[in-house]
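K.L.:
Be aware that the sequence shown starts at 7, since it is given in this note's numbering, and climbs by one per residue.
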Amino acid sequence: MKEIELRLALVFYGGVSLAIYMHGVSREILSLVRASSFRLDRKATKTAPDQDVGELPPVQSAYRDLLDLLSSVADIRVVVDAIAGASAGGVNGIMLARAITHDLPLDSHSEMWLENADVTRLARPQSGLSRYLKISISPVLDQLISSRLDKQIESAETREKLRLFMQARWFSPPFSGERFIGWMLDACQKMEREAKPGRSLIPRGQTLDLFVTITDYNGVKRRIHLDDPDYVEEWDHRRILNFHAAHRMPGYVDSQFDARSIPDLVFAARATSSFPGAFPPATVAEMERVLASQNLSWRNRDAFLERGFGLTAETISQHCFVDGSVVMNKPFAPVIDVIQDRPATREVARRLIYVDPAPVEPTEQDGAVSELPGFFRVILASLAHIPRNEPIGDDLKELEQNNRRSRWLSQLIDSAGPMVDQAVSSLLPKRRLVTPDLLSKCRKQATVAAFEQAGFAFLNYQSLKLHSLADRLAQLTARLSGLEHARGQEEALLGLISDRFNRMTAASKDVLGRTDPDIVALLRGLDVDYRIRRLRFAIRKLNGFYHYQKASGLPPPNTEALDHMKALLYEQIDHLGWRWSERFFGGASREHAKRFVSDLQAGSSSAGDHVAPLLKSFTQIMGLADLDRFQDELFSDTARNFLDRGRHMALLRSYIGFGFFDLITFPVLQRNDFSEVTEILVDRISPTDAASLYTEGFDLKGKSLNTFGAFFNRGWREHDYLWGRLNAADRLVSIVLSAAGEGTLPQQQVNQARARIFLAVLEEEREKLTDIPEEIERIDTLIRSIFPDFAHVAAEV
Numbered sequence: 007m008k009e010i011e012l013r014l015a016l017v018f019y020g021g022v023s024l025a026i027y028m029h030g031v032s033r034e035i036l037s038l039v040r041a042s043s044f045r046l047d048r049k050a051t052k053t054a055p056d057q058d059v060g061e062l063p064p065v066q067s068a069y070r071d072l073l074d075l076l077s078s079v080a081d082i083r084v085v086v087d088a089i090a091g092a093s094a095g096g097v098n099g100i101m102l103a104r105a106i107t108h109d110l111p112l113d114s115h116s117e118m119w120l121e122n123a124d125v126t127r128l129a130r131p132q133s134g135l136s137r138y139l140k141i142s143i144s145p146v147l148d149q150l151i152s153s154r155l156d157k158q159i160e161s162a163e164t165r166e167k168l169r170l171f172m173q174a175r176w177f178s179p180p181f182s183g184e185r186f187i188g189w190m191l192d193a194c195q196k197m198e199r200e201a202k203p204g205r206s207l208i209p210r211g212q213t214l215d216l217f218v219t220i221t222d223y224n225g226v227k228r229r230i231h232l233d234d235p236d237y238v239e240e241w242d243h244r245r246i247l248n249f250h251a252a253h254r255m256p257g258y259v260d261s262q263f264d265a266r267s268i269p270d271l272v273f274a275a276r277a278t279s280s281f282p283g284a285f286p287p288a289t290v291a292e293m294e295r296v297l298a299s300q301n302l303s304w305r306n307r308d309a310f311l312e313r314g315f316g317l318t319a320e321t322i323s324q325h326c327f328v329d330g331s332v333v334m335n336k337p338f339a340p341v342i343d344v345i346q347d348r349p350a351t352r353e354v355a356r357r358l359i360y361v362d363p364a365p366v367e368p369t370e371q372d373g374a375v376s377e378l379p380g381f382f383r384v385i386l387a388s389l390a391h392i393p394r395n396e397p398i399g400d401d402l403k404e405l406e407q408n409n410r411r412s413r414w415l416s417q418l419i420d421s422a423g424p425m426v427d428q429a430v431s432s433l434l435p436k437r438r439l440v441t442p443d444l445l446s447k448c449r450k451q452a453t454v455a456a457f458e459q460a461g462f463a464f465l466n467y468q469s470l471k472l473h474s475l476a477d478r479l480a481q482l483t484a485r486l487s488g489l490e491h492a493r494g495q496e497e498a499l500l501g502l503i504s505d506r507f508n509r510m511t512a513a514s515k516d517v518l519g520r521t522d523p524d525i526v527a528l529l530r531g532l533d534v535d536y537r538i539r540r541l542r543f544a545i546r547k548l549n550g551f552y553h554y555q556k557a558s559g560l561p562p563p564n565t566e567a568l569d570h571m572k573a574l575l576y577e578q579i580d581h582l583g584w585r586w587s588e589r590f591f592g593g594a595s596r597e598h599a600k601r602f603v604s605d606l607q608a609g610s611s612s613a614g615d616h617v618a619p620l621l622k623s624f625t626q627i628m629g630l631a632d633l634d635r636f637q638d639e640l641f642s643d644t645a646r647n648f649l650d651r652g653r654h655m656a657l658l659r660s661y662i663g664f665g666f667f668d669l670i671t672f673p674v675l676q677r678n679d680f681s682e683v684t685e686i687l688v689d690r691i692s693p694t695d696a697a698s699l700y701t702e703g704f705d706l707k708g709k710s711l712n713t714f715g716a717f718f719n720r721g722w723r724e725h726d727y728l729w730g731r732l733n734a735a736d737r738l739v740s741i742v743l744s745a746a747g748e749g750t751l752p753q754q755q756v757n758q759a760r761a762r763i764f765l766a767v768l769e770e771e772r773e774k775l776t777d778i779p780e781e782i783e784r785i786d787t788l789i790r791s792i793f794p795d796f797a798h799v800a801a802e803v
């Protein structure tokens, strides 16, 4: 059976009160991911299907049944491994990432949005003379609302809350940041009540990255080196916070989304959604006041502020933060960057999904000359509307270029495979057992042969490898030093380390540097990334073994054995990756790095003298020779026990011959992973894209009042939240079906699956959404009219 990982990378736009619609979307994504994980857990433990009836809520159960229907053709696992969000989208991204990382519910966040996202609860308390002055002009406001907004807003509740809102403080943000922080803290702590230690919806050996955009109002001065003048300085206001989680081993998740990180996440949510004019700017002092009022500590404060903002104890009070949408409302770039380096455990169907509650609607040009905008309209558009609606075309164009490169690389690797196999086969014994020692010898011989056959092309390859290594070492040294200004010295560190490598190359007796003992020793002792690429290439080979073809003459694959072998290789990748973490090194290395950076900062002419002893220290501590030996044992001995002889020998040829492939691919990729050589397809979730239940004239309530509408009416929030779930359900079914392959299921089964999921959403929300019973009944009737032959079947299941 074909096994597919449907990998979702998510981008949530900003949108003020449209946050509630996006929360509905995130609830549905979580339901699909959890249903997928539940299926595979049941399969792994051999649990009978009838033993878990009732263990899943209705919607998750419906998604599980859809995946079960597809399992005869493709066994699909749904994984979210990257999320990015700005403003309202940033808040929902934080919620969803935390729920996925630790398998937590989102019910408390639903309550927060529906109960507290209201102007009467968000508003800061008023007192004093200004309050009475504004009350005195209430009749004027009543008349204004009645005459100007009566046609647009029919709800009496909304008109009344709008009148009260207009009485709020003049020239002062009406919403309370401290209240928002308190509600977020409460919601996150409620999630912990249902936490199950060790549980995660991140597959073992994989990671989840969250990116949240924030605007640093004060900014940080950056120095850019030029020719003449020597440098210029500019202000950088963009901050992209990165939270990370890795499921390293069963029962353990290395996470920045755990209970200890709640204050970090809440501060990020407060800062990214600090809409200018509505909320006061977010500050660390504000966050500390709320934590103190709840007797909570911020244990990660200093490390979080230094990592995410580059702030120290002296500079914290000098910065405040506003809405992330000011600098990046559509954060595609960080997600595109990170998903290209993701390892694959199965065949991958990659989807980048962006959630846009209010997409631009196409309009027909009538040829008339548009009038010039007025004075205030130009200012408003320049400061707010245009920056928040920057185009995504450049990001998607770059993505398409990456897709073309992925297709080309996949073809290149497949084309080179037979030639590399032939070259490597001559090194392997025909009958003799391949021991770890023999494998190590063959591996080194194959690498030398690859380099010799490369000719002058080797110069480019070797130069790129040495530069990449120097860059890694410079970054590691700066982090190890722990000094405040170390980041600013990375370029100088890179220059000194690169100069050392260049002198080694120039002094080499081998013109191309292929066999020079000093260069070979350097790379064997420090080139962590080459080994990571080699292991991931081997995993790519293992992934191909899942596809069984009778014509191959091989027995059917043992998928459990393949899974276990790949898990062992991922553990090795994890061990190697730790070599680039400052936490891997002890006090001696930190002190050495600190002296190096200090001398460089002071302009000492002897700073370069630190390079050689530092490299020697790193080589000794990293101990890559021991890892090489262990990995040779994995491929020679362990893999022999897991794989039949044909597949084992094919895996050995890939492992031994990796030097040939690296010569071809590394100069093109210039990064450490090409195991997920797959296209990244883009999908959108919006009200206009979910066609199954779309009716003419439908619109989200939150779009009114310049996207603040849902803050003025509980029923409007319920409406948008419910449609967020329904729209997402519709689109997710289509995405799952496209991953399995067009035409995989008969249309009648697809209709039945959609009807069941839609009705399950209504079942879960009917008793909770008490302000919109008529809308729920209308949707129920709509579903049964669109799917008349399947709705009654779905309701009975």
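Backbone N, C-alpha and C define an ideal beta-carbon position, used for all residues, glycine too.
#1: Could you name the residues of the same chain whose beta carbon sits closer than 7 Å to that of I143, not counting the 5 residues immediately before and after it, in chain order?
#2: Residue ranges of each beta strand (DSSP E) run of no fewer than 3 residues wholly in the stretch 468-505, ordered along the chain?
#3: For the pair the stretch 581-601 and the stretch 12-27, tell me if three or more CB-CB distances fall below 8 Å.
#4: For E458, which residues of its own chain have a beta-carbon under 7 Å away from its beta-carbon, when the five flanking residues on both sides are left out?
#5: Of all Cβ atoms in chain C, is any one closer than 9 Å to the Cβ of E566?
#6: With a threshold of 16 other CB atoms inside 10 Å of the CB of E406, please say whether the residue is buried or exposed.
#7: In whole angstroms, give me the CA-to-CA distance for L470 and L529.
#8: Given that a residue counts as buried once 16 or more other Cβ atoms are within 10 Å of its Cβ, and exposed if not, what is H553?
#9: Looking only at its own chain, which residues have a Cβ that is under 8 Å from the Cβ of P111, when we skip the five neighbours before and after it?
#10: Hey, is L445 close to the ligand PLP, as in C-beta under 8 Å from one of its heavy atoms?
#11: Look up R13 in the DSSP assignment and give the residues it is bridged to.
#12: For L24, which of helix, strand or coil comes out of DSSP?
#13: To the nearest angstrom, how far is it from the Cα of V22 to the Cα of D726?
#14: Pairs of beta-carbons, one from the stretch 89-106 and one from the stretch 263-279, closer than 8 Å: are there three or more?
#15: Which of the three DSSP states, helix, strand or coil, is assigned to E783?
#16: Buried or exposed for P55, going by 16 or more other Cβ atoms inside 10 Å?
#17: Rounded to the nearest angstrom, what separates F249 and A90 at their Cα positions?
#18: For A252, report the span of its beta strand (DSSP E) as first-last.
#19: Just checking my contact of N549 with E353 at CB under 8 Å: how many whole Å lie between their CB atoms?
#20: Assess, as a yes-or-no matter, whether the stretch 753-766 is touched by the stretch 720-739 under the definition of 3 or more beta carbon pairs within less than 8 Å.
#21: Is it buried or exposed for P337, if we count other Cβ within 10 angstroms and need 16 for buried?
#22: Rounded to the nearest angstrom, what separates F624 and R646 at their Cα positions?
#23: Please classify A631 as buried or exposed, where buried requires at least 16 other C-beta atoms within 10 Å of its C-beta.
#24: Can you give the Cα-Cα distance for A573 and Q451, rounded to whole angstroms?
#25: Measure from the alpha carbon of R70 to the alpha carbon of each residue in S78, Q495, S37, P794, then state which is nearest.
#26: Which word fits H598, buried or exposed, when buried means at least 16 other C-beta atoms lie within 10 angstroms of its C-beta?
#27: How close, in whole Å, do the beta carbons of L43 and L214 come, if the pair is a contact with beta carbons under 8 Å?
#28: May I have the straight-line CA-CA distance separating S152 from T164, to the nearest angstrom?
#29: Over what stretch of residues does the beta strand (DSSP E) that includes S261 continue unbroken?
#30: Please state if the CB of R540 and the CB of D668 are separated by a distance shorter than 9 Å.
#31: Taking C-alpha atoms, which residue in S610, V333, G665 lies nearest to A219?
#32: Taking a contact to mean a Cβ-Cβ separation below 9 Å, would you say R229 touches G494 in this structure?
#33: Give the C-beta separation of I691 and V226 to the nearest angstrom, bearing in mind that I take them to be a contact with Cβ-Cβ under 8 Å.
#34: In the stretch 739-786, which residue ranges form an unbroken beta strand (DSSP E) of at least 3 residues, counting only runs that do not cross its ends?
#35: Just verifying my parser: in three-state terms, what is the DSSP assignment at L621?
#36: What ranges does the alpha helix (DSSP H) occupy inside the stretch 314-353, keeping only unbroken runs of at least 4 residues that lie completely in it?
P.N.:
Based on what the coordinates show:
#1: Confidence at I143 is low in this model, with a pLDDT of 40, below 50, so the placement of that residue should be treated as unreliable; the coordinate-derived value is given next. Nothing listed; no residue qualifies.
#2: Entirely contained in the stretch 468-505, not one beta strand (DSSP E) run reaches 3 residues.
#3: Contact fails: fewer than three Cβ-Cβ distances are below 8 Å.
#4: Taken in chain order, the residues that qualify are R520.
#5: This model lacks chain C altogether; it includes just one protein chain.
#6: The C-beta of E406 has fewer than 16 other C-beta atoms within 10 Å across all chains shown, which makes the residue exposed.
#7: Rounded to the nearest angstrom, the two C-alpha atoms are 12 Å apart.
#8: Label assigned to H553: exposed.
#9: Answer for P111: A105, M197, E200, listed in chain order.
#10: As presented, the structure is devoid of all ligands, the ligand PLP included, so that no description of it is given.
#11: As computed with DSSP, R13 is found in a beta bridge with V85, R356.
#12: Here DSSP, grouped into helix, strand and coil, assigns L24 to helix.
#13: The alpha-carbon atoms of V22 and D726 are separated by roughly 13 Å.
#14: In short, these stretches touch, since the Cβ pair count reaches three.
#15: Helix.
#16: In this predicted model, P55 has a pLDDT of only 44, less than 50, meaning its place in the structure is not dependable; the value taken from the coordinates is given anyway. It counts as exposed.
#17: A straight line joining the alpha-carbon of F249 with that of A90 spans about 10 Å.
#18: Annotation for A252: the continuous beta strand (DSSP E) segment containing it runs 237-255.
#19: With 8 Å as the limit, N549 and E353 qualify as a contact, their Cβ atoms being about 6 Å apart.
#20: With three or more CB-CB distances shorter than 8 Å, the stretch 720-739 counts as touching the stretch 753-766.
#21: By the Cβ neighbour-count rule, P337 is buried, with 16 or more other Cβ atoms within 10 Å of its own.
#22: Rounded to the nearest angstrom, the two C-alpha atoms are 34 Å apart.
#23: Taking a 10 Å sphere around the C-beta of A631, we find fewer than 16 other C-beta atoms and assign the residue as exposed.
#24: Going by C-alpha positions, A573 is about 28 Å away from Q451.
#25: Closest by alpha carbon: S37.
#26: Burial state of H598 is buried, judged by a 10 Å Cβ sphere holding 16 or more other Cβ atoms.
#27: In the sequence under discussion, the amino acid at residue 43 is Ser, which differs from the Leu named in the question. Separation of the CB atoms of S43 and L214 is rounded to 13 Å, and the pair is thereby denied contact status at 8 Å.
#28: Residue placement at S152 is flagged as unreliable, the pLDDT there being 47, under the threshold of 50; a coordinate-derived value is accordingly withheld.
#29: Per DSSP, S261 belongs to the beta strand (DSSP E) from 258-261.
#30: Contact: yes.
#31: First, the residue type needs correcting, since residue 219 is Thr and not Ala in the sequence shown. Among S610, V333, G665, the Cα nearest to that of T219 belongs to V333.
#32: In this structure, G494 lies closer than 9 Å to R229 by Cβ.
#33: Contact between I691 and V226 is absent: CB atoms are separated by about 35 Å, not below the 8 Å threshold.
#34: The qualifying runs do not exist here; there are none.
#35: Residue state, collapsed to three classes: helix.
#36: Taking only runs of at least 4 residues, the alpha helix (DSSP H) segments lying wholly in the stretch 314-353 are 338-345.
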